[in-house]
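Down below is the structure, laid out as structure tokens.
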Amino acid sequence: MIHELLSKFILQAKEGSLKTAEYPKELMDLKMKTSFGMGALARVPWMNFTAPEMSASNGYFPVYLFYREQNILILSYGISETSEYAEGWSKEVTESKTRIADVIHNPPRYGDSYVCKQYVPEIKNGKVSFLKDGNEVSPDSLERDLKELFYFYKKSVDIEVKNESSVVSTGLFYMEKQLEDFIVSNWNETELGKKYDLIYEEGVLISQQYKTDIGIIDLLVKDKKTGSYVVIELKRNQTSDDTVGQAMRYMGWVEEKKKDPHVKGIIIAGQFDQKLHYAIKRARDIEVFLYEVDFKLKEYS
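Below you can see the structure in the form of structure tokens.
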């Protein structure tokens with residue numbers, strides 16, 4: 042199955058189609074996502090596999106990276122570039138494995154991820170074979186390579202869950218994080234999705250947890266009509282003044298760094314208290330959205 046999947050992936054990366062609907066959404070109990078780019082073919086199409094609490098933009102995970110110009114397919118100990126996840130690959134990886142940047146000169150993306158296996162795809166008569174050191178790698182070997190990495194990854198994640206101080210067990214599923222993930226996952230069904238677009242770069246979502254040199258923006262999106270940026274901040278366990286000040290700080294950064302004088306701000310809160318009302322009274326470029334949680338128990342019958 043892995044050989045067939047990789048063959049399809051390589052052929053499509055060569056042909057230039059961006060469609061991914063026919064690819065599986067899950068493999069060996071891990072979420073699976075495939076990307077060839079957004080709008081144009083990416084320099085590094087990828088196929089990743091993540092634990093439920095992680096994503097391509099926030100976590101660490103097994104991933105196939107196809108460097109098209111070099112014609113090199115790397116099975117990698119992947120690391121998200123968008124957000125710096127609180128946990129990561131163990132020292133067994135970081136101290137003994139080779140970084141992609143040390144294998145591929147000036148890689149366009151993912152240079153800080155680590156190499157697990159490296160193959161050279163070869164296409165003859167419409168069929169793909171995978172070479173290593175000039176010798177063809179059998180389908181069984183390809184599958185074994187991936188399964189071994191999956192086993193190592195699942196073991197790593199399981200250790201995190203059992204560790205009470207780990208981000209996975211202590212802080213990952215608190216309400217605000219769940220809300221943020223829910224908003225992104227259901228973007229097109231929300232009021233926000235009707236007016237604003239999430240931002241992607243080479244098939245990777247970069248809107249969520251957008252890194253700046255003054256901190257991390259919860260969500261950075263674009264207005265569908267004007268193309269201007271919109272800074273979205275969730276009111277977490279902090280004061281209304283802090284939330285508004287944080288949103289305005291990021292808006293100032295976007296205005297200067299992105300050259301966008303029309304940047305707006307949105308605060309998402311559980312309730313609109315008096316302090317928040319006065320805090321945004323003079324901040325005319327900031328709106329407030331309220332979220333509601335509808336939690337029900339229903340007897341199974």
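When we follow this note's numbering, the leftmost residue of the sequence shown carries the number 42, and every step to the right adds one. C-beta: ideal position from N, C-alpha, C; glycine also. In this text the structure is predicted, and so the values were computed from the model without any measurement.
Relative to H44, the option among K265, Y155 and Y105 whose CA is nearest is Y105.
Taking the Cα positions, T267 is about 14 Å away from G306. Contact check for Y160 and V134: beta-carbon distance about 19 Å, past the 8 Å limit, so the pair fails to qualify. In the three-state scheme derived from DSSP, where H, G and I count as helix and E and B as strand, E274 is classed as strand.
Distance between P162 and A62, taken at the CA atoms: about 23 Å.
Spanning the alpha carbons of V198 and P65 requires a straight line of approximately 22 Å. Pairing R84 with E243 gives a Cβ-Cβ distance under 9 Å. Judged by their CB atoms, A92 and L71 are nearer to each other than the 9 Å cut-off. The continuous alpha helix (DSSP H) containing T135 extends over residues K132 to T135.
DSSP, reduced to helix, strand and coil, places K236 within a helical segment of the structure shown. One alpha carbon belongs to E184, the other to F191, and they sit about 10 Å apart. Following the DSSP letters along the chain, one finds F50 inside the alpha helix (DSSP H) bounded by residues I43 to E56. Taking C-alpha positions only, Y194 is separated from K263 by approximately 35 Å. If you draw a 10 Å sphere on the C-beta of A81, you find fewer than 16 other C-beta atoms in it, and that means exposed.
A straight line joining the alpha-carbon of H146 with that of Y241 spans about 25 Å. Contact annotation: L261 and S269 have beta-carbon atoms that are not nearer than 9 Å. A Cβ-Cβ separation of about 12 Å leaves L114 out of contact with L187 under the 8 Å criterion. Per the C-alpha coordinates, the member of D259, K165 and D283 positioned closest to N99 is D259.
When the alpha-carbon of F102 is set against those of G129, D174 and E67, the nearest one is in G129.
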